[in-house]
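Encoded as structure tokens, the structure appears first; notes follow it.
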Amino acid sequence: DGGITQSPKYLFRKEGQNVTLSCEQNLNHDAMYWYRQDPGQGLRLIYYSQIVNDFQKGDIAEGYSVSREKKESFPLTVTSAQKNPTAFYLCASSPGGAPMNIQYFGAGTRLSVL
Amino acid sequence: GNSVTQMEGPVTLSEEAFLTINCTYTATGYPSLFWYVQYPGEGLQLLLKATKADDKGSNKGFEATYRKETTSFHLEKGSVQVSDSAVYFCALTLNYGQNFVFGPGTRLSVLP
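As you go down the protein sequences, you meet chains F and Z in turn.
Oh and the first sequence: position 57 is 416 in this note's numbering, straight run, nothing missing.
Oh and the second sequence: position 92 is 128 in this note's numbering, straight run, nothing missing.
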């Protein structure tokens, strides 16, 4: 089955620690995205990548980093510089190119601070 | 800039009631419009979409019509079920499909 796999489902971060959230897709999509969702709020774009080895900052990139070394993988690192990391993180992908792109989402990773 | 506004929730309905969730947008170009649904603890799933004016998207009894003159894409369902309880997001993307803009979401609770 094609889809987007995020892992782990739950993640705990200690003070001063960097943690990495995994996102893998087997849909052969060019574009991948990371969003943050806070309770009762909508999605905010952290980073996105249109092609391998290229990525762009979204609206709230500070305290986060990404890489796109392979088409199917787009890991997100939450660094110690992100002072309020507790949130639900969603990864998405889309075919790229348009004229109309549908974004497909993973099941999410819930990050909490210990 | 581009933005999406949705009616504030939560919306609480009895089973078999009629549902409307309002969505209006502002866009610098000619957007494609979407409704996504998020069930508790899960990611978002595409519910329906429309790409041009007067298009009607439909799925699972839900419908929304792209109204360019009122810049709206209201979600409707004639008879809701308990299983429809979720958060609904209206979204747009412009023709080059680079980024999506999501509304804040509307939580729907359907009571038996």
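Don't be surprised by glycine CBs; every beta carbon is placed ideally from N, CA and C.
| field | Cβ of S407/F within 8 angstroms of any chain Z Cβ | value | The sequence given here places Tyr at residue 407/F; Ser does not occur at that position. Yes, Y407/F counts as interfacial toward chain Z.
| Residue environment, S115/Z, which counts as buried when at least 16 other CB atoms sit within 10 Å | exposed
| message | With a threshold of 8 angstroms between beta-carbons, can G65/Z be considered close to chain F, or not? | response | no
| Where S452/F falls: helix, strand or coil (DSSP) | Of the three classes helix, strand and coil, the one that applies to S452/F here is strand, per DSSP.
| request: Say whether chain Z places a C-beta atom closer than 8 angstroms to the C-beta of L435/F. | output: no
| request: Look up S121/Z in the DSSP assignment and say whether it is helix, strand or coil. | output: coil
| field | Residues that I311/F contacts on chain Z, provided the C-beta gap is smaller than 8 angstroms | value | Nothing can be reported for residue 311/F: it is not among the residues displayed for chain F, which extend from 360 to 473.
| Ends of the beta strand (DSSP E) at T41/Z? | S39 to Q42
| task | Assign I57/Z to buried or exposed, taking buried as 16 or more other Cβ atoms, counted over all protein chains shown, within 10 Å of its Cβ. | result | buried
| message | Which same chain residues end up closer than 6 angstroms to T62/Z when comparing Cβ atoms and leaving out the 5 residues on each side of it in sequence? | response | S39
| Top-ranked residue by Cα proximity to Q42/Z, from F136/Z, S119/Z, S108/Z and D120/Z | S108/Z
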